[in-house]
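This report refers to the structure that appears directly beneath it.
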Amino acid sequence: MKKLSNFTAKILNNFTDSLNKPMATSISSTRGFIISLLVGLFVAIVATGVQPFGLAEFNHESKTLFLAGFGLVAFIGMLIAKFIFPIALPNFYNDQTWTVARQITHLTVSVFVVGILIMFYAQVFAITQFSIVNILVATAISIIPAAVITFIQQGLFHNKFTSNAENITSSLGSINPPASQQLFPVMVFGESGKKLSLVPNQLIYAETSKDSTDFYWQSLMGVEKTTIQTPLSQVEKELAAHPQFVRLHRNFVVNMRGIHKVEGNARGYRLRIARTKHEIPVSRKFHKKLEQLGQ
């Protein structure tokens, strides 16, 4: 009995660990828009071609147009799930904390939202009858394929990003960014009040917020942090003449010579910074840019 209990506990722990694994997301992205479009197209094709759930009995001179409308409704429902919900619930839809469990939840909620909109559309135009029970049953059933698809995607993304990260890391030593365009390169940050002057190789990376920037730089005493009241636009303007700096996240500019290691998981890439314990996330839209650095 004890062995069975321990085995069950182990299975549950492994399943919980699997649900907490990092996962890539398509929310608020071009890929999310394309997925929404494809879902709408699929629903329109099924509604007009197969005509399930009593749609075959619907008679109207513009029947095909009304049935194709289910696709438009599904498209709108997916857009709400992928673009409106992330705005309303930013903490849950944070792409840096996205997990398998959140992805499964998101897909299930998407099915429910689309189902509710389809139910109202069918009732408003008296096309067919759906009840809230039908929608709940369909949503519950969708959990299984949502979980299967998510676990498959997680494995594929994990293999892709970890493999690419290893290749990029192995080529870091051979990356030789162009020399500075200035004869005596000195960077000055801050327009008034507190200022910071550095040569390019001193600056490891900069992290910007709304109107200030944290500079992590190498001094004789080690790595230091200095906060200057200057926005990202001014930082990028100052760094424009120094090709060794790259922007791989909306809030970070990194010295390529300061990247110690690139790590990957199903969520994407993270940079390990030399001489620190710091990690920097790489935004989705900068994945290709990072991969090109290692080529």
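Reminder that position 36 of the sequence shown reads as 36 in UniProt numbering, one-by-one numbering, no gaps.
Each residue gets a CB set at the ideal place from its N, CA and C atoms; glycine is no exception.
Note that this is a predicted model, so its numbers are computed, not measured.
Check                                                                                                       : Outcome
Residue environment, lysine 225, which counts as buried when at least 16 other CB atoms sit within 10 Å     : exposed
Three-state secondary structure (DSSP) of residue 352                                                       : For residue 352 there is no data in the structure shown, the boundaries of the chain being 1 and 295.
C-alpha distance - threonine 64 paired with phenylalanine 42, whole-angstrom precision                      : 15 Å
Buried or exposed by the 16-neighbour rule on C-beta atoms within 10 Å, applied to serine 110               : buried
Buried/exposed call for threonine 99, threshold 16 Cβ in 10 Å                                               : buried
Entirely enclosed alpha helix (DSSP H) segments - the region 60 to 108, minimum 4 residues                  : 63 to 79 and 85 to 88
Inter-residue Cα distance where the pair is phenylalanine 151 and proline 22                                : 11 Å
Beta-carbon spacing of histidine 106, alanine 81 below 8 Å                                                  : yes
Given 8 Å, three or more beta-carbon pairs between the region 47 to 56 and the region 21 to 35              : no
Straight-line gap, phenylalanine 215 to phenylalanine 83 (C-alpha atoms, nearest Å)                         : 33 Å
Separation of leucine 79 from proline 52, as counted between CA atoms                                       : 24 Å
Close Cβ partners of methionine 187 (< 6 Å) along its chain, the five nearest in sequence each way excluded : Leu198 and Glu238
Anticipated Cβ contact below 8 Å, threonine 139 with valine 262, distance rounded                           : Contact doesn't hold; Cβ gap of about 39 Å is too wide.
Euclidean distance between Cα positions of asparagine 13 and threonine 276                                  : 33 Å
Proximity winner among Gln234, Ile273, Phe66 and Arg31, relative to valine 46 (alpha-carbon distances)      : Phe66
Counterpart residues of proline 22 in DSSP-defined beta bridges                                             : Thr99
Methionine 187 - partner residues in DSSP beta bridges                                                      : Leu198
Buried/exposed call for arginine 250, threshold 16 Cβ in 10 Å                                               : exposed
Limits of the unbroken alpha helix (DSSP H) element including histidine 287                                 : 287 to 293
Segment contact, 8 Å Cβ cut-off, at least three pairs: the region 262 to 274 with the region 229 to 246     : no
Close Cβ partners of glycine 69 (< 7 Å) along its chain, the five nearest in sequence each way excluded     : Tyr121
Contact under 8 Å by Cβ, tryptophan 40 with phenylalanine 161                                               : One detail in the question is off: residue 40 reads as glycine in this sequence, not tryptophan. No, these two residues do not count as a Cβ contact at 8 Å.
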